[in-house]
Every structure is written in C-alpha cells, then in structure tokens.
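Notes follow once the structure below has been shown.
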Amino acid sequence: AYKGMNKYATRIIGALKASGVMAELLKYAKGILNKIRGTRTTKVKETDPVNPDPNTISVAQLSYENKKAHFEALKGLVKTEASYNPNETDLKVTELEAYIARLVTLNASVTNELKKLQKSKDDRNTELYAPITGLSELTGIVKAYVKSVLGTSDPVYKRIAAIRRRKPSQK
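Numbering (the working numbering), first residue to last: 175 to 345.
So this is what it looks like as structure tokens:
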C-alpha cells in the first residue's frame, strides 16, 4: 500500500496545481510531498565545499506512521481547497480518505503481528535460556553429570562436550 504513495501524492499535487490554487498553497503542498518522499525542501548550506559537514541532521521521516501522517496532511490540505475537484476517481477526497483508512488498518495489523512475534521470541527465550529450567542450563548440568560419571577421556563425553551452549547477548 505504501509502495506507490510517492507517485500517488505527486498526482495529487498535479491535480491541485491544475485546479488553479494560489502559489503559496501549492508551495506548502509541495513541502508535504517532500516530507512524503523524505527529501529536503531547502538545500543544506555547506560552509566548506571541500570538507562537507558529515553531521547534518536527516529530515527523512520515512516510517510508515510518518508517511501516513504526511499523506493525511496532504489530504487535509486538498479537502479544504474548494477548487480541488479532479475528474479522476482515485484523486477525489473520498478516495484519499479510503486510502488512508486502508493504511490505518494495515498499520494496526502489522503492529499486532509484531506484538505476536515478540511474544513468541520471549517464550522461546524463556524455554531456552531461563535460569535453572532453560535448555541451555540443563545442557550444562547434563554435561557436568556425564563428565562426573564417564570422565573426560570417554568418547561419549567428548561428543557431549562438543555440544555448544549459547546465551543471547543482553541488550
């Protein structure tokens, strides 16, 4: 749904321009379009062209939520403009609202799926790495027991000792 948003917004700007709006409003709409695209409206002033400053601040607000919000702002702008009434059905305000509603639904769906994924990962980590009952801890206990029973030179122990135990990095 987001893949064609840049072109869709560009078409809306074209329809807005064709409707004969004031230059200031069109400039503001193009600023919103730049936000959707993740580009700057004005160029960064470079003080030294030989050694440009690497610490410029990015203006790209390209998360799905940000892009949706910028598109909503564009829709709000064209909705308030009385002269905006394109012939193309997909550029009409009602279709823009339907597109935004679809984005909201899709974003909510992705958020719910990500929550489920995180819960699954947490459950997996509990099974594998919980103190005392986790698979990693139990593997260490079994290795220690086999070592005490068979000794370190036994081939069975050597195969068991070769099993690697890993704990996740703590972030």
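Idealized CB from N, CA, C, for every residue including glycine.
Item, Value
"Touch test, the segment 282-290 against the segment 312-321, Cβ-Cβ under 8 Å, three pairs minimum", "no"
"Option nearest G178 by Cα separation, candidates A203, I315, K242 and S310", "K242"
"Limits of the unbroken alpha helix (DSSP H) element including Q292", "V267 to Y303"
"N240 in three-state terms, based on DSSP", "helix"
"Buried versus exposed call for K209 [16 or more other C-beta atoms within 10 Å across all chains shown]", "buried"
"Opening and closing residue of the alpha helix (DSSP H) in which K341 lies", "Looking at the DSSP string, K341 is not in any alpha helix (DSSP H), and its letter there is neither H nor E."
"The segment 178-197 / the segment 253-262 touching (three or more Cβ pairs under 8 Å)", "yes"
"Coil, strand or helix - P329 by DSSP", "helix"
"For Y319, the first and last residue of its enclosing alpha helix (DSSP H)", "L309 to L324"
"DSSP state of I337 mapped onto helix, strand, coil", "coil"
"Enclosing alpha helix (DSSP H) for Y182 [first to last residue]", "M179 to A192"
"Assumed close pair K341, S294 - CB separation to whole angstroms, cut-off 8 Å", "Going by Cβ atoms, the distance from K341 to S294 rounds to 19 Å, so no, they are not a contact pair."
"Segment contact, 8 Å Cβ cut-off, at least three pairs: the segment 192-203 with the segment 243-251", "yes"
"Residues of its chain near A335, where Cβ-Cβ distance is below 7 Å and the 5 sequence neighbours each way are ignored", "K317"
"7 Å CB neighbourhood of R276 in its chain, flanking five on each side removed", "A175"
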